[in-house]
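Peer 1: Please read through the structure below; I'll follow up with questions.
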Amino acid sequence: MKAMTILYEVHDGLYVNMTNRCPCACTFCLRQEKDFVGSADSLWLEREPSADEVKAEFDKADLSKYKEIVFCGYGEPTERLDDILEICGYLKQKTSLPIRINTNGMSDLINGRETAPDFKDRIDVVSISLNTPDKDRFYELTRSKFGAESFDAMLRFAGEVKKYVKRVVLTTVATTITKEEEEQCADICRKLGVDYRIRPFE
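In our numbering, the protein residues as written are 1 to 202.
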């Protein structure tokens, strides 16, 4: 079932669903299991909303109810990077809520250029799916259309984008990797100078 859920609630965040496009086909992706997340009945879009449509949805929302705004949805947000940056510029004039983006870290590969500087003054927190400390295993899990080089590109992006945003977090999902692998992930994050978070399987 396709709908036009652009904004939806998860816990105390207001989430933004702008695309169903993604260069990955992760073996563990939620969208293979169900259509709904949080307050949304379906995150499958009948078409991609324009930047103006997204702004209009924000104009209708009571932002005082939320602790953060999160670009996430059933797709990779950086597929719409230019539109997201425009919307974030608009939001920064409306609210002091922090803005987070949940990403696979392949923005540079998707957009064919170095994108980290674009995040300055637009995005406050970048959360990147690390998934595993191993490059080959990362490719097996994500099945990225960019191939095995995706892992290095993701880490490179993480190291660059931290120069422009307040916080960068690399995440893995609890129960999907061993304690030893979690230690290796923590080590990768220490070397990059970013935070590491083990998130619950939703």
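C-beta: ideal position from N, C-alpha, C; glycine also. Predicted model only: the values in this text are computed from it and were never measured.
Is it the case that the Cβ atoms of lysine 162 and phenylalanine 151 are separated by a distance below 9 Å?
Peer 2: Working through the sequence shown from its first residue, we reach residue 162 at position 162. Working through the sequence shown from its first residue, we reach residue 151 at position 151. No. Outside cutoff.
Peer 1: Any idea which residues DSSP pairs aspartate 195 with across the strands?
Peer 2: Within the sequence shown, the letter at position 195 stands for residue 195. Bridge partners of aspartate 195: Val169.
Peer 1: Could you check whether isoleucine 6 and valine 70 sit closer than 9 Å to each other, using their CB atoms as the reference points?
Peer 2: The residue given as residue 70 occupies position 70 in the sequence shown. The residue given as residue 6 occupies position 6 in the sequence shown. Going by C-beta atoms, valine 70 is not nearer than 9 Å to isoleucine 6.
Peer 1: According to DSSP, what are the bridge partners of threonine 68?
Peer 2: On the sequence shown, residue 68 is found 68 positions in, with the first residue counted as 1. At residue 68 the sequence reads glutamate, which differs from the threonine that was named. In DSSP, glutamate 68 forms a bridge with Gly13.
Peer 1: If we count the other Cβ atoms within 10 Å of its Cβ and call it buried at 16 or more, is phenylalanine 201 buried or exposed?
Peer 2: To locate residue 201, count along the sequence shown from 1; it is residue 201. Phenylalanine 201 is exposed by the Cβ-count criterion.
Peer 1: Between the alpha carbons of aspartate 118 and glutamate 86, how many angstroms are there, rounded?
Peer 2: Taking the sequence shown and counting its residues from 1, the one referred to as residue 118 is at position 118. Taking the sequence shown and counting its residues from 1, the one referred to as residue 86 is at position 86. When rounded, the distance between both Cα atoms is 11 Å.
Peer 1: Can you tell me which of the three DSSP states asparagine 102 falls into?
Peer 2: In the sequence shown, counting from the first residue as 1, residue 102 sits at position 102. Note: asparagine 102 maps to strand in three-state DSSP.
Peer 1: Please confirm if serine 129 has its CB atom under 9 Å from at least one CB of chain C.
Peer 2: Any reference to chain C falls outside this structure, which holds one protein chain only.
Peer 1: In its own chain, which residues sit with a C-beta less than 6 Å from the C-beta of arginine 31, not counting the 5 before and 5 after it?
Peer 2: The residue given as residue 31 occupies position 31 in the sequence shown. Bear in mind that a pLDDT of 48 at arginine 31, under 50, signals an unreliable position, so the model cannot answer this.
Peer 1: I'd like the span of the beta strand (DSSP E) that includes serine 127, first residue to last.
Peer 2: Here the question's residue 127 lines up with position 127 in the sequence shown. Where serine 127 is concerned, the enclosing beta strand (DSSP E) stretches over 125-129.
Peer 1: Among Leu81, Phe138, Glu182 and Ala56, which residue has its Cα nearest to the Cα of threonine 115?
Peer 2: If you number the sequence shown from 1, residue 115 lands on position 115. When each option's Cα is compared against that of threonine 115, the closest is Leu81.
Peer 1: With a 10 Å radius around its C-beta and 16 neighbouring C-beta atoms as the bar for buried, classify threonine 175 as buried or exposed.
Peer 2: One-based indexing of the sequence shown puts residue 175 at position 175. Threonine 175 is exposed by the Cβ-count criterion.
Peer 1: Run through DSSP, which three-state label would tyrosine 8 get?
Peer 2: For the purposes of this step, residue 8 is identified with residue 8 of the sequence shown, where counting begins at 1. Looking at tyrosine 8 - three-state DSSP - the assignment turns out to be strand.
Peer 1: Looking at the structure shown, is isoleucine 188 part of a helix, part of a strand, or coil, going by DSSP?
Peer 2: To locate residue 188, count along the sequence shown from 1; it is residue 188. DSSP places isoleucine 188 in helix when its eight states are reduced to three.
Peer 1: What are the residues that DSSP puts in a beta bridge with leucine 265?
Peer 2: There is no way to answer for residue 265, as the model of the chain reaches only from 1 to 202.
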